[in-house]
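Engineer:
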Amino acid sequence: MTDQREVVIVRWPGQGPFVEAGLAELLASYHLRTEAEKGEAVADVEGLPDRYRAEILDPGTVFADAVVLVALSGDTAVGCLVVTAPIGGRSEVKRLWTDPAFRSQGIASGLVSAALAHSAESGVSTVRLSVWKWRAGAIALYERLGFTVAESWDERDQLVCMERAV
689 MTDQREVVIV RWPGQGPFVE AGLAELLASY HLRTEAEKGE AVADVEGLPD
739 RYRAEILDPG TVFADAVVLV ALSGDTAVGC LVVTAPIGGR SEVKRLWTDP
789 AFRSQGIASG LVSAALAHSA ESGVSTVRLS VWKWRAGAIA LYERLGFTVA
839 ESWDERDQLV CMERAV
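Numbering follows my numbering, with no gaps: position 12 of the sequence shown is 700.
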């Protein structure tokens, strides 16, 4: 018998204040971990670059034109992903993050699949993303879901750009 709760994916906002608080925690974890992996560790959210801190403190403004998907286990936000508004037939997936305590349960796959479905419904022909090259698990996930490495559109060192048709 398992004690795992069903995980559902919802669009934010509109799901209640607990989802916004959970989203903020997930985004904070994502950015703090990423900065540490880049060798630029900071102690807390206040030490993050302004653009990242803004996502955590005011996601409604920063992601106003995007779709934010949140994976919920009961009332607990356990994963998130942002899909940008389409430009030229393409959308971009950003900020895929699963709470480490909830990994290996298919949450990230579910979020990406939901993002692809949303993109298809929006008439998008291509979804793209960028991922740090040291995140081998994420790259493997994206490859399993049909993404392939693409020519870089981002000049940051150690960033892998990927895309797939919808």
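Note that the Cβ used here is the ideal one computed from N, Cα and C, for glycine as well.
Between which two residues does the alpha helix (DSSP H) holding Arg844 run?
Structural biologist: Taking the sequence shown and counting its residues from 1, the one referred to as residue 844 is at position 156. Under the DSSP assignment, Arg844 falls outside any alpha helix (DSSP H); it carries neither an H nor an E label.
Engineer: Using three-state DSSP, classify Gly727 as helix, strand or coil.
Structural biologist: Taking the first residue of the sequence shown as 1, we reach residue 727 at position 39. Assigned with DSSP and collapsed to three states, Gly727 falls in coil, not helix or strand.
Engineer: So, at 8 Å on beta carbons, what are the nonlocal neighbours of Asp842 in its own chain, with the 5 sequence-adjacent residues on each side left out?
Structural biologist: Along the sequence shown, read from residue 1 onward, the residue named residue 842 stands at position 154. Cβ-Cβ distances below 8 Å link Asp842 to Ser818 and Cys849 in the same chain, with the five nearest sequence neighbours on each side left out; the list follows chain order.
Engineer: Would you mind working out which of Gly735, Leu757 and Ala828 sits nearest Ala802, comparing C-alpha positions?
Structural biologist: Here residue 802 is taken as the residue at index 114 of the sequence shown, counted from 1. Considering only alpha carbons, the answer is Leu757.
Engineer: Thr814 bridges to which residues according to DSSP?
Structural biologist: The sequence position of residue 814 within the sequence shown is 126, counting from 1. For Thr814, the pairing in a beta bridge is given by DSSP as Arg778 and Ala853.
Engineer: Can you round the beta-carbon distance between Thr814 and Gly777 to whole angstroms, since I take them to be within the 8 Å contact cut?
Structural biologist: Indexing the sequence shown from 1 puts residue 814 at position 126. Indexing the sequence shown from 1 puts residue 777 at position 89. About 6 Å; that satisfies the 8 Å criterion.
Engineer: Between the stretch 826-836 and the stretch 721-728, are three or more C-beta pairs nearer than 8 Å?
Structural biologist: no
Engineer: Report yes if the CB atom of Arg783 is closer than 8 Å to the CB atom of Val766, and no otherwise.
Structural biologist: By 1-based counting over the sequence shown, the position of residue 783 is 95. By 1-based counting over the sequence shown, the position of residue 766 is 78. In this structure, Val766 does not lie closer than 8 Å to Arg783 by Cβ.
Engineer: Comparing alpha-carbon positions, which option in Gly735, Asp845 and Glu780 lies nearest Ser717?
Structural biologist: Taking the sequence shown and counting its residues from 1, one reaches residue 717 at position 29. The residue with the shortest Cα to Cα distance from Ser717 is Gly735.
Engineer: Give the straight-line distance between the Cα atoms of Ile697 and Glu851, rounded to the nearest whole angstrom.
Structural biologist: The residue given as residue 697 occupies position 9 in the sequence shown. The residue given as residue 851 occupies position 163 in the sequence shown. If you take the alpha carbons of Ile697 and Glu851, they lie about 22 Å apart.
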